[in-house]
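Each residue of the sequence shown is one higher than the one before, starting from 1 at the first, in full-length UniProt numbering.
Scroll down for the structure; my scribbles are underneath it.
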Amino acid sequence: MAENIVWHQHKIDKAERAKLKGQKPMVIWLTGLSGSGKSTIANLLEQKLTAAGKHTYLLDGDNVRHGLCGDLGFSDKDRVENIRRISELSKLFVDAGLIVITAFISPFRSDRDFCRKLLQAGEFVEVFVDTPLAECEKRDPKGLYQKARDGQIKEFTGIDSPYQKPENPEVHLPFSGQTAAQSADELIASLTDKGFL
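The structure is reproduced here in structure tokens:
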């Protein structure tokens, strides 16, 4: 940890920023296997919330790896660091009064819990996009499962690297044949019913 640094206290706080925006800042953290529909649902959620006058920001796994986390690979150590960086960034956005939507595989429970612990109670909403592995492989939008099965990709989540399912997510979206748009509507309804929106 760096030495000789101090925290500077801002004169404008999160509560004042949230009041100005007229919303409750939070992180809506979508987690699930590659191909589960996280990014599609997250994009639809952001569009719907923006149309409703909410100030959001979407952080997507692939997009973040082009810049902020471009120096990281896919070892367990790098995956942990990837989520640590995203968590710290998400906290800054929440402090700015935003509704942050994230779409990350985030396979390790402890990493998702790290983000939860950075935030105040009620500011972290874990959403489990629970699509079975067989369905994700069938979709395989990036061809990654086939590459993993062929041995071209090592340590691929769900194949030769574990995915630790959430134990008590705030929202559980099990796949049962519904469209991504239906899942996004179900997510908004659940967030509203539970008092997050």
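Backbone N, C-alpha and C define an ideal beta-carbon position, used for all residues, glycine too.
Identity of the residue in the options nearest residue i by Cα
{"i": "A42", "options": "A181, S190, T192, D193", "result": "A181"}
{"i": "P174", "options": "E3, L33, E16, I159", "result": "L33"}
{"i": "A15", "options": "L45, M26, K154", "result": "M26"}
{"i": "R84", "options": "A96, A189, P107", "result": "P107"}
{"i": "L92", "options": "V80, S36, A18", "result": "A18"}
{"i": "F74", "options": "N4, K154, D140, S87", "result": "K154"}
{"i": "R139", "options": "E3, T179, G67, Y163", "result": "T179"}
{"i": "N82", "options": "D95, H66, V94, A96", "result": "H66"}
{"i": "G61", "options": "S190, I5, T31", "result": "T31"}
{"i": "G22", "options": "F156, N4, V6, K54", "result": "K54"}
{"i": "L98", "options": "H8, H10, I28, G151", "result": "I28"}
{"i": "A184", "options": "L49, D111, L118, A2", "result": "L49"}
{"i": "P162", "options": "R149, D76, E137", "result": "D76"}
{"i": "L133", "options": "A2, S36, D193", "result": "S36"}
DSSP state of residue i mapped onto helix, strand, coil
{"i": "S161", "result": "strand"}
{"i": "I12", "result": "coil"}
{"i": "L197", "result": "coil"}
{"i": "T131", "result": "coil"}
{"i": "I5", "result": "coil"}
{"i": "E137", "result": "helix"}
Rounded Cβ spacing between residue i and residue j (contact assumed at less than 8 angstroms)
{"i": "S39", "j": "A103", "result": "5 angstroms"}
{"i": "F124", "j": "P169", "result": "About 10 angstroms; that fails the 8 angstroms criterion."}
{"i": "V171", "j": "L187", "result": "6 angstroms"}
{"i": "I12", "j": "T56", "result": "Not really, about 20 angstroms apart at Cβ, beyond 8 angstroms."}
{"i": "E126", "j": "P166", "result": "5 angstroms"}
{"i": "T157", "j": "I105", "result": "5 angstroms"}
{"i": "D111", "j": "V80", "result": "6 angstroms"}
{"i": "L59", "j": "L20", "result": "In fact, because the Cβ distance is near 22 angstroms, the residues do not count as touching under 8 angstroms."}
Beta-ladder partner(s) of residue i, from DSSP
{"i": "T31", "result": "F128"}
{"i": "L173", "result": "V129"}
Residue i beta carbon near the ligand ADP (any heavy atom closer than 6 angstroms)
{"i": "I153", "result": "Ligands in the displayed structure: none, and consequently the ligand ADP is not present."}
Quiz item: Taking only runs of the beta strand (DSSP E) that begin and end inside the region 40-122, which ones reach a length of at least 3 residues, in chain order?
Solution: 56-60, 99-103
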